[in-house]
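Peer 1: As they're listed, the protein sequences go chains A and B.
So the first sequence is residues -1 to 591, counted in the numbering used here.
So the second sequence is residues 12 to 700, counted in the numbering used here.
Backbone N, C-alpha and C define an ideal beta-carbon position, used for all residues, glycine too.
For reference, the structure I am asking about is given below.
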Amino acid sequence: MNTYEWLQTIIFFVLLLALVKPLGAFMARVFQGEQTFLSPVLTPCESLIYRVCGVNKDEEMGWQRYAGAMLLFNLALFVALFIMLMTQHLLPLNPQKTPPFTWQLALNTAVSFTTNTNWQAYGGEQAASYFTQLAGFAVHNFLSAATGIVIAIAVIRGFVRRKTSLLGNFWVDMTRCTLYVLLPISLILSPALVSQGVIQNFSAYKSVPLVQSTSHEKPKLDEKGSPLKDAKGNPVTQNATPKEVTIPMGPVASQEVIKELGTNGGGFFNANSAHPFENPTPLSNFIEILLILLIPGSLTYTFGVMVGNTRQGWMLLGVMLFILIGAFGILQWAENSGNPLVTKLGVQSINMEGKEVRNGLAGSNLFAVATTGTSCGAVNTMHDSLTPIGGMMPLSLILLGEIIFGGVGSGLYTMLAFAIIAVFVSGLMIGRTPEYLGKKIEVREMWLSILVILTAGVTVLILSGIAMLTPSAVASMANPGAHGLSEVLYAFASMANNNGSAFAGLNANVNFYNLAGSLAMTIGRYIPAIAVLAMAGSLAEKKYVPPSLGTLPTDKAPFALWLMLVILIIGALTFFPALALGPIVEQLMMVGT
Amino acid sequence: MSKQIQQPKSAFDRALVSGALVESLKKLDPRTLWRNPVMLCVEIASVITLITFVMSLTGANKEPAWFTGAVSVWLWLTVIFSTFAEALAEGRGKARAASLRKSRTDVTAKLLSKPELKSAFTTVGASRLRMGDLILVEAGEMIAGDGDVIEGAALVNESAVTGESAPVIRESGGDRSAVTGGTTVISSSIIVRITANPGETFLDRMIGLIEGAKRRKTPNEVALEVLLIALTVVFLLVCANISPLSIYSVKAAGQGAPVSLTILVALFVCLAPTTIAALLPAIGIAGMDRLFQKNVIALSGRAIEAAGDVNVLLLDKTGTITHGNREAVAFVPVDGHTEQELAQAALMASLTDETPEGRSVVELAKQKYGLTNDALPAGAETITFNADTRLSGVNTDGKQYRKGASDSTIAFVRKLGGKQLPRDLDEVVDRIARGGATPLVVSRDSEILGVINLKDIVKSGIQERFLQLRSMGIKTVMITGDNPLTAAAIAAEAQVDDFLAQAKPEEKLRLIKEYQEGGFMVAMTGDGTNDAPALAQADVAVAMNTGTQPAREAANIIDLDSNPTKLLDIVEVGKQILMTRGNLTTFSISNDIAKYFAIIPAMLLSIYPQLGALNVMQLASPHSAILSAVIFNAVIIPLLVPLALRGTKFRPMPAERMLIRNLLVYGLGGIVAPFLGIKLIDLAIGLMV
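Structure follows, in structure tokens:
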């Protein structure tokens, strides 16, 4: 790394750590119903919402009602978006006359945005109208993020409360999360991105004459949009010499902040944050990476405040940071080493393929680990073009279960489930019935946390196995072989863990991926969410066991180290064979030849 | 450890091992094995490899027959090693149970119609006795069932139950009325009211527990099993996932063969947490057994594990913290009398006093003051302690020697015409009382000579034990009937964390509830009937075997030696059981890393030769690599059986240090050991082939 990259990276992490405490403390106040500096303005809005919706804000819910409300609300979100996608040609704000989605793609997309995955089997500028982007995707970006956060808050309450079955009111938590946390930050930072050149308009797409016209071989497509192949299986191409280029427009800035802030990641444009209208400058890039990690990082502090020991939160953050920085280091090393096959040709020494020069190596790599460590999935780099070991880093971060910061809320609650498993085994190792934060960990907590941490991994194993035996799924690979296997593995890892980024190269808009993907996203989101709420309900009913010298401190380095080992070992044991057949062998082949 | 019941000398006693071998084969029945789901999966895997072996023989499977055969043999051995470990642990208990059972064959009882020693009886078999029946037991006879002595007192030999050969006194009324079926009356006759139906007696329960027949999985065990099953499911899917991935890779690479079923099954068994799953039942059974070696009977596994979690110990002062009896430690003269003079008078007043306190006065007078006369002068009159005067002493040579509590002695002296009390008496008495001791005032006729300092002697070494407990995060609370002043002094000396003075049954109960409300796990020891409510409330309740029937029924652990400090051993065993489980789990999972490095390159080598780079152990061939991992996975089980039976070592230390230590030994060790082990086995295979 050069001096600029070092500086950029160091400033980034220092700034992130500096923001964790104020935002974390603020969120703790918001969710504990305390006064904040925004209360004078927002309390009236809040009351109005409750009055209109008929919510009694003092009425609390048990875990079943809380989970029920969450599921009902998400179902409504899904249905609304599904209908919108199927009927967008009838709706306003459609200057490009964009046609409706096919039902398979609409299903996949509606599930994707409802589950905070934001897997995009479509290209934004080609498939979605402005209305869909604004009223559909942007709204879902806020509400699916809020859903994740309030589940995490309910889980924290489960640890904090004693001998009660109540976890809070879902509607109140959702309202406060959106009103006090997500909206204000989005409002403040959108102009900052506009200042860097992110666009915000409702104009029709602009046609601009090319400064210099070039001709190239263009793959011929059939009516479904899949590339045509000749008898030998090679793509059929035709010569094209475009004279002008169409530049897509749209209300981008209003969606850009929440895309990162809510770890959504669904880009306005197909190129996502690699597109100059979404992420024009190194500064906007810096802001966007910060936004991705901001809430997941701060929630660890909120957790610490609410459980009455901020060290507990710092410990979790420490584990996350350690793994994130480790992955960043390896990625940086791999990309810096470049591709020996290319280097041999004397072209370049570092691997810049798929990266934007304005973001640089570190700016691209940091974005890559941030967006996959969290379940964001926005990209400013084509992960498909990373070196094999480099590409294994984003893939592995997803496969660990989206806990290295993780999705907003979901990262924290999944991490807490990991902590429970770690506490259980280490508790046995010191000869005590394990307890975490003063709550005894018993059979019920065990199997629920296991559901939380293993559901996504199991889904990936099953679906990637099926994909390998499904001809249409195999045909979607752009690069058959070990790399193609990585593409499929990445696709299911991304969907089951609600990340949403893609190893570009896989044509995912085929029925198999649309339908299997919808299943993966639904399972990966709701089984852990329901399980973790059930666990919160069970924890809340327990009494508090005060710590003694015989209690394992869970806010100190030995436990942090153990937790990290548990995370890495479970991840490695589950996916080592698949990784061996994908990126590992690809790297060995690349280095060996 | 001196009082054990026919203890097998080692875990690998020959008769035990051969018995366990037979038993381990019986346990292969899937209907038995389903209680251990992980091992059931291994058994299914073994059956599958047996089929692939037959297929290799017939040529239906391309894998060489020696390989599939060897894998199958070792997978079967993996299951057998596991059932063997369990059978061995149970076998040790069964041997003991058999010796207990001998003691209660064909006992007859003399059934009485009314509770009188002289009344007529009918002879019936022990199996026909019901609760409430009255039986007569005479010298030399065995007591036919559990009960309470309601008439008479007798010396009873309880060695059949406790292993203690010295007989104990059992008498009607009070705290020593309980008798156990299977014990023998040595002297005189007693009438016993039967308190348990046949099959439900203490001995029956004990036999059932020791045999492990009634053993139920503890909550902790179930929680761990949930984790193990989940991991097994994941590994099953991992292996299932490899198959299509390898089929695709073969197509893409244009070479090699998809991973065979035999290898997938072998990989699955290696990855599944078989080590801990195989040893899990043995750990629990062996824990109970270890307690039994310490002469403690736990009435459920749950109680032992709860003992490991205890954070408050309620200890009876008498017998636990202090020696049961107070001892004279000093003579403090008053009013100008000499120590020698006081010692002489105290000695005279105590010569006929057979209480431990009285004897200790004589002892002190002889040792410290060189007094030798220990025979009473002729014609001396002994005054024994009675409730009216509350004094004891001797009248001899026209002198009246007395000792007693200060107010009693003063009253006596006043009666004899003593006018002026020594001015310093009050101060001395007060000082001694404040020091937690008991002042005994000594008089000669109407003259008060001084005060004997009778002290509760705190057991030596008890402070260190409490310190250890504190370092483990366990708080000790002393319970005593003494006044707060005395209690505070003894508490300070013994260094307990807290005390409850002038404790009444309801106050003990309240204290326990208070602690439990605060989230603490409370353990207590007790023996009296008035302890029963508190015992029933405590999470871990240890009753002394000498205790009353209600106390024994309220408890969940019974100490046959009636030694209250046993609680510390129970805590230790409880912790050991959990630690052994945790450590072996960590070890088992850590092993998987090396197994991956052995098997993954071996099974994918034909597709991607480049993966040979992952063969960091430089194993000879793919087949020997896979076989080595399978063999390692199997032999590690019997190698760890002694550890499972003995339990991992426990030393009191703060939780964090213990975790680091165990992580280094079992975590790091678990990663390194299989790399070495698999390499060695691979070398051995290389030598044989």
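Return the residue from the list A:359, A:43 and A:191 that minimises the CA-CA distance to residue 349 of chain A.
Peer 2: Taking only the C-alpha atoms, the option nearest residue 349 of chain A is A:359.
Peer 1: Mind checking which residues open and close the alpha helix (DSSP H) that includes residue 407 of chain B?
Peer 2: Counting along the chain, residue 407 of chain B falls outside any alpha helix (DSSP H), though it belongs to the beta strand (DSSP E) covering 402 to 407.
Peer 1: Could you name the residues of the region 669 to 681 of chain B whose beta carbon sits closer than 8 Å to any beta carbon of chain A, in the order they occur along the chain?
Peer 2: Residues 669, 670, 671, 673, 674, 677 and 678.
Peer 1: With a CB to CB cut of under 8 Å and the five nearest residues on each side skipped, what residues in its chain are close to residue 254 of chain B?
Peer 2: Answer for residue 254 of chain B: 269, 270 and 275, listed in chain order.
Peer 1: My guess is that residue 615 of chain B and residue 622 of chain B are in contact by the Cβ rule of under 8 Å, so how many angstroms apart are they, rounded?
Peer 2: Confirmed, Cβ separation roughly 5 Å.
Peer 1: Please confirm if the region 95 to 110 of chain A is in contact with the region 508 to 517 of chain A, defined as three or more CB-CB distances below 8 Å between the two stretches.
Peer 2: Short answer: they touch.
Peer 1: Are the beta-carbon atoms of residue 461 of chain B and residue 342 of chain B separated by less than 8 Å?
Peer 2: The answer is yes: Cβ separation under 8 Å.
Peer 1: Do the region 319 to 326 of chain B and the region 87 to 102 of chain B meet, that is, are 3 or more Cβ pairs less than 8 Å apart?
Peer 2: Contact fails: fewer than three Cβ-Cβ distances are below 8 Å.
Peer 1: Are the region 287 to 296 of chain B and the region 98 to 111 of chain B touching, with three or more C-beta to C-beta distances below 8 Å?
Peer 2: The answer is yes - the region 98 to 111 of chain B touches the region 287 to 296 of chain B, with three or more Cβ pairs under 8 Å.
Peer 1: Whole angstroms is fine: what's the gap from residue 366 of chain A's alpha carbon to residue 377 of chain A's?
Peer 2: Cα-Cα distance, rounded: 7 Å.
Peer 1: In chain order, which continuous runs of the alpha helix (DSSP H) of length 4 or greater are located wholly inside the region 257 to 301 of chain B?
Peer 2: DSSP runs (the alpha helix (DSSP H)) wholly in the region 257 to 301 of chain B: 272 to 282.
Peer 1: Residues in the same chain with beta-carbon distance under 8 Å from residue 459 of chain B, minus the five sequence neighbours each way, listed in chain order, please.
Peer 2: The residues are 345, 346, 420, 421, 424, 429, 432, 433, 436, 452 and 453.
Peer 1: I'd like the list of long-range same chain contacts for residue 497 of chain B, defined as Cβ closer than 6 Å, with 5 residues on each side in sequence excluded.
Peer 2: Excluding positions up to five away in sequence, the list reads 447.
Peer 1: How many angstroms separate the CA atom of residue 444 of chain B from the CA atom of residue 399 of chain B?
Peer 2: Going from the Cα of residue 444 of chain B to the Cα of residue 399 of chain B covers about 23 Å.
Peer 1: Between the region 155 to 162 of chain A and the region 538 to 545 of chain A, can you find at least three pairs of beta-carbon atoms closer than 8 Å?
Peer 2: Contact holds: three or more Cβ-Cβ distances are below 8 Å.
Peer 1: In angstroms with no decimal places, state the Cα-to-Cα distance between residue 572 of chain A and residue 601 of chain B.
Peer 2: The straight-line gap from Cα to Cα measures roughly 13 Å.
Peer 1: Considering only the beta carbon of each residue, do residue 227 of chain B and residue 312 of chain B sit closer than 8 Å?
Peer 2: Yes; because the gap between Cβ atoms is below 8 Å, this pair is in contact.
Peer 1: If we call anything under 8 Å between Cβ atoms a contact, is residue 175 of chain A one with residue 262 of chain A?
Peer 2: Not closer than 8 Å, so no.
Peer 1: Kindly indicate if chain A contains any beta-carbon less than 8 Å away from that of residue 520 of chain B.
Peer 2: It does not; no Cβ of chain A falls within 8 Å.
Peer 1: Can you pull the chain A neighbours of residue 788 of chain B, defined as C-beta to C-beta under 7 Å?
Peer 2: In this structure chain B extends from 12 to 700, so residue 788 of chain B is not present and cannot be described.
Peer 1: If you measure from the beta carbon of residue 7 of chain A to each beta carbon in chain B, is any gap under 8 Å?
Peer 2: No - not a single Cβ of chain B is within 8 Å of the one on residue 7 of chain A.
Peer 1: Might you give, ordered along the chain, the residues of its own chain that have their beta carbon closer than 6 Å to the beta carbon of residue 657 of chain A, omitting 5 neighbours on each side?
Peer 2: Residue 657 of chain A is absent from the structure shown; chain A starts at -1 and stops at 591.
Peer 1: Straight-line CA distance for residue 224 of chain B to residue 107 of chain A?
Peer 2: Confidence in residue 224 of chain B is poor, its pLDDT being 49 and thus under 50, which makes the residue's placement too unreliable to answer from.
Peer 1: Whole angstroms is fine: what's the gap from residue 283 of chain B's alpha carbon to residue 242 of chain B's?
Peer 2: Computed Cα separation, rounded: 7 Å.
Peer 1: Residue 245 of chain B: which of B:571, B:531 and B:49 sits nearest, CA to CA?
Peer 2: When each option's Cα is compared against that of residue 245 of chain B, the closest is B:49.
Peer 1: What three-state label does DSSP hand residue 526 of chain A in the structure shown?
Peer 2: In the structure shown, residue 526 of chain A sits in a helix (DSSP, three-state: H, G or I).
Peer 1: Terminal residues of the continuous beta strand (DSSP E) containing residue 585 of chain A?
Peer 2: Counting along the chain, residue 585 of chain A falls outside any beta strand (DSSP E), though it belongs to the alpha helix (DSSP H) covering 583 to 590.
Peer 1: With 16 as the cutoff for other CB atoms within 10 Å, does residue 493 of chain A come out buried or exposed?
Peer 2: It is buried - the Cβ of residue 493 of chain A has at least 16 other Cβ atoms within 10 Å.
Peer 1: Give the DSSP-derived three-state secondary structure of residue 6 of chain A in the structure shown.
Peer 2: In the structure shown, residue 6 of chain A sits in a helix (DSSP, three-state: H, G or I).
Peer 1: CA-CA distance, residue 523 of chain B and residue 487 of chain A?
Peer 2: Approximately 56 Å between the Cα atoms of the pair.
Peer 1: My understanding is that residue 382 of chain A touches residue 503 of chain A, with C-beta atoms under 8 Å, so please give their C-beta distance in whole angstroms.
Peer 2: Going by Cβ atoms, the distance from residue 382 of chain A to residue 503 of chain A rounds to 4 Å, so yes, they are a contact pair.
Peer 1: Determine, using beta carbons only, whether residue 388 of chain A and residue 589 of chain B come nearer to each other than 8 Å.
Peer 2: No, the pair does not count as a contact, with Cβ atoms beyond the cut-off.
Peer 1: Taking Cβ to Cβ, would you say residue 148 of chain A is nearer than 8 Å to residue 168 of chain A?
Peer 2: Their beta carbons are under 8 Å apart, which means residue 148 of chain A touches residue 168 of chain A by this criterion.
Peer 1: Using the Cβ count rule (16 or more neighbours within 10 Å means buried), how would you classify residue 214 of chain A?
Peer 2: That one is exposed.
Peer 1: Just the chain A side, please: which residues come within less than 9 Å of residue 251 of chain B by C-beta, in chain order?
Peer 2: Ordered by position in chain A, the residues that pass the 9 Å Cβ test against residue 251 of chain B are 459, 460 and 463.
Peer 1: Taking a Cβ distance cut-off of 8 Å, strictly less, list which residues of the region 542 to 559 of chain B are near chain A, in chain order.
Peer 2: Under the 8 Å Cβ criterion, the region 542 to 559 of chain B contributes no residue.
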